[in-house]
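Following UniProt numbering, the numbering of the sequence shown begins with 1 at its first residue and continues without gaps. All C-beta atoms, glycine included, are put in the ideal place defined by N, C-alpha and C. All values derive from a computational prediction rather than experimental measurement.
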Amino acid sequence: MEEGTLWWHAHSDWSRATVHGAIIIYPKDGSYYPFPNPDVEVPIILGEWWKVDVMKVYTEFLETGGTPNVSDAITINGKPGDLYPCSKSETFRLTVKQDKTYLLRLVSAAMNTILFFSIAKHDLTVVGMDGSYTKPLTRDYIAISPGQTMDCLLHARQTDGQYYMAARAYSTGVNIPFINTTSTAIIHYTGKHYYPTITPSLPYLPYYNDTNAAFDFFRSLRSLADKHHPINVPLKIKTRIISTISINALPCPTHHSCEGPNGTKLAASMNNQSFVTPDIDILEAYYYHINGVYKRRFPNFPPLIFNFTGEYLPLVLEIAKKGTQVKVLKYDSTVEIIFQGTNLVSGVDHPIHIHGYSFYAVGYGFGNFDIGKDPLKYNLIDPPMLNTVSVPINGWATIRFRADNPGVWFMHCHFERHLSWGMETVFIVKDGKGPEAKMVPPPPDMPPC
1 MEEGTLWWHA
11 HSDWSRATVH
21 GAIIIYPKDG
31 SYYPFPNPDV
41 EVPIILGEWW
51 KVDVMKVYTE
61 FLETGGTPNV
71 SDAITINGKP
81 GDLYPCSKSE
91 TFRLTVKQDK
101 TYLLRLVSAA
111 MNTILFFSIA
121 KHDLTVVGMD
131 GSYTKPLTRD
141 YIAISPGQTM
151 DCLLHARQTD
161 GQYYMAARAY
171 STGVNIPFIN
181 TTSTAIIHYT
191 GKHYYPTITP
201 SLPYLPYYND
211 TNAAFDFFRS
221 LRSLADKHHP
231 INVPLKIKTR
241 IISTISINAL
251 PCPTHHSCEG
261 PNGTKLAASM
271 NNQSFVTPDI
281 DILEAYYYHI
291 NGVYKRRFPN
301 FPPLIFNFTG
311 EYLPLVLEIA
321 KKGTQVKVLK
331 YDSTVEIIFQ
341 GTNLVSGVDH
351 PIHIHGYSFY
361 AVGYGFGNFD
371 IGKDPLKYNL
381 IDPPMLNTVS
391 VPINGWATIR
401 FRADNPGVWF
411 MHCHFERHLS
421 WGMETVFIVK
431 DGKGPEAKMV
441 PPPPDMPPC
């Protein structure tokens, strides 16, 4: 059961840059928050903004084969803040009262950037993630990936004054451009004193490529795992998938040079399969038995074995296979997926999201996954239940879930440039036996695609 903060967003080209919003799921009647009741709840939506039409950015980088132009600003509730030119009047302000508690419902609608976020002279206590409550985790900063949501308690413990909340990029890829600016909003205390000419102090934010800071936070998250919020981590795994996630370089399809490395066209893949979106929707093809739209051959194991995180890798490994490969799962099967990052073209972190499911993030690590040693370090007691997991640069992450939601479900990197390049696949979860275990038919008045 999901509780807390989720979000909705468009999934057509790059329209989700502006077409998104928060979803709030309150405790059911007769139950309560598993943390002190907040005095005020405030949605905080982090995003990215371009000075030009974002669809133009999208079409241009796909046509040229290179990387997309980075955004011109990070935003907090749609506003970039004081540190950007001509934006001081467009800064989000949150007025607070001393000794009150504020539940910040954070949504990262960022397109291509994991973000660090913090508030000057205040700690944040994380109590929920991706629609699932967590054990309270108090930190002076948080890290949040595109597609993730987070519930944080802010205790207004100062006496008066103004304080910046701030967000800036966490970015690790070598020679990969990113927006290296800081977005701000202002926490303003109501009280007798007000100093409009004094610049608020900036909070501590880790350095932009501080991987240890980001994953110290991610690995510290824990499910509540109590009698009111029980968890059920699958212990006996029926389907194990080990999938590399890579940036690739394909031959330029035109007679002219593309803007990727050595004139190539940039792509991305899972298990060396760069996904091609078909003209007919896969859900429609599966439901109505339309042949030839997809193939059921997404591999359970990397088809190419090499030192995935090696510093120097042969150029031939960069070429992925293009196609529409999906993975079919039996209903109620227990699934483990090990996402292995690679250093092809350039190693980078990857926020991986699955539609239709929450899952347990049971392990993270750096380097190549060791199937003999690394599972011994899994957290099978109280791992966080997420719908987006961040895979560290040149590292791995393991998730587990039970395939009990029949249907056709998208799995993809939540960096839009990687999704656009093909870092995705589809799970088809077959029907079970009872009526509750079967896919719901489309409504009779549903318009055709």
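| query | In or out: Y204 buried (at least 16 other Cβ within 10 Å) or exposed? | reply | exposed
| query | When burial is assigned at 16 or more other CB atoms within 10 Å of the CB, is L329 buried or exposed? | reply | buried
| Of the residues G356, H11, G4, which one's Cα is nearest the Cα of S420? | H11
| field | Same chain, Cβ closer than 6 Å to W409, neighbours up to 5 away in sequence not counted | value | H355, G356, F427
| request: Whole angstroms is fine: what's the gap from V362's alpha carbon to M385's? | output: V362 and M385: Cα-Cα distance of roughly 9 Å.
| task | Look up P188 in the DSSP assignment and give the residues it is bridged to. | result | For the record, residue 188 in the displayed sequence is His; it is not Pro. Bridge partners of H188: T95, Q162.
| query | Which same chain residues, not among the five before or five after N368, have their C-beta less than 6 Å away from its C-beta? | reply | Cβ within range, chain order: F308, T309.
| message | Restricting to Cα atoms, I'd like to know which of A166, S15, T239 is closest to R93. | response | A166
| message | Quick check on Y374: does DSSP put it in helix, strand or coil? | response | Rather than Tyr, the amino acid found at residue 374 in this sequence is Asp. Under the three-state reduction of DSSP output, D374 falls in the helix class.
| Could you give the uninterrupted runs of the alpha helix (DSSP H) lying entirely in the stretch 203-249, keeping only those of 4 residues or more? | 211-218
| Can you tell me whether H418 is buried or exposed, with buried defined as 16 or more other CB within 10 angstroms of its CB? | buried
| field | First through last residue of the beta strand (DSSP E) which encompasses V126 | value | 124-129
| field | Where Y331 falls: helix, strand or coil (DSSP) | value | coil
| Shortest alpha-carbon distance to S333 belongs to which of V174, K238, D29? | K238
| task | Please name the residue in T184, N180, L315, R400 whose C-alpha comes closest to that of G81. | result | When only C-alpha atoms are compared, the closest one is T184.
| Nearest residue (CA-CA) to I381, options P253, V348, G323, L224 | L224
| said: Considering only the alpha carbon of each residue, which of Y170, G65, Y378, Y163 lies closest to R400? | reply: Y378
| For V348 and I187, believed in contact at Cβ under 8 Å, the rounded distance | Not confirmed; about 32 Å, so no contact.
| query | For G4, which three-state DSSP category applies? | reply | strand
| request: State the Cα-Cα distance for the pair Y170 and I114, rounded to the nearest angstrom. | output: 5 Å
| Identity of the residues DSSP links to G395 by a beta bridge | When beta bridges are read from the DSSP output, G395 appears opposite F366.
| task | Give the C-beta separation of K121 and Q158 to the nearest angstrom, bearing in mind that I take them to be a contact with Cβ-Cβ under 8 Å. | result | 6 Å
| task | Give the C-beta separation of G65 and G260 to the nearest angstrom, bearing in mind that I take them to be a contact with Cβ-Cβ under 8 Å. | result | 5 Å
| Supposed contact pair V174 and S346 - C-beta distance, whole angstroms, cut 8 Å | Right, their Cβ atoms sit about 6 Å apart.
| query | For L301, which of helix, strand or coil comes out of DSSP? | reply | The sequence shown places Phe at residue 301, not Leu. Correct three-state label for F301: coil.
| request: Mark L266 as exposed unless 16 or more other C-beta atoms lie within 10 angstroms of its C-beta, in which case mark it buried. | output: buried
| task | Check each candidate in V19, T59, Y33, V52 and name the one with the smallest Cα separation from S108. | result | V19
| task | Whole angstroms is fine: what's the gap from R168's alpha carbon to Y189's? | result | 24 Å
| query | What is the rounded straight-line gap between the Cα of D13 and the Cα of F275? | reply | Distance between the alpha carbons of D13 and F275 is about 15 Å.
| Exposure label - R105; buried when at least 16 CB within 10 Å | buried
| task | At 4 residues or longer, and completely inside the stretch 21-71: list those alpha helix (DSSP H) runs for me, N to C. | result | 54-64
| field | Other residues of its chain near P351: CB distance less than 8 Å, five sequence neighbours each side excluded | value | Taking P351 as the centre and dropping the five residues before and after it, the same chain places the C-beta of I114, S145, P146, G147, Q148, T388, V389, S390, V391, C413, H414, F415 closer than 8 Å to its C-beta, in chain order.
| Close-in-space but distant-in-sequence residues of the same chain around V52 (CB under 7 Å, 5 per side omitted) | Excluding positions up to five away in sequence, the list is empty.
| Inter-residue spacing [alpha-carbon to alpha-carbon] between D445 and A73 | CA-CA distance, D445 to A73, rounds to 42 Å.
| message | Spatial neighbours of Y179 within its chain, please: C-beta separation below 8 Å, excluding the five flanking residues on both sides. | response | It is Ile, not Tyr, that sits at residue 179 in the sequence shown. Cβ within range, chain order: E48, V70, S71, D72, A73, I74, T113, A169.
| field | Neighbourhood of E2 by C-beta distance below 6 Å, restricted to the same chain and skipping five residues each side | value | I25, G131
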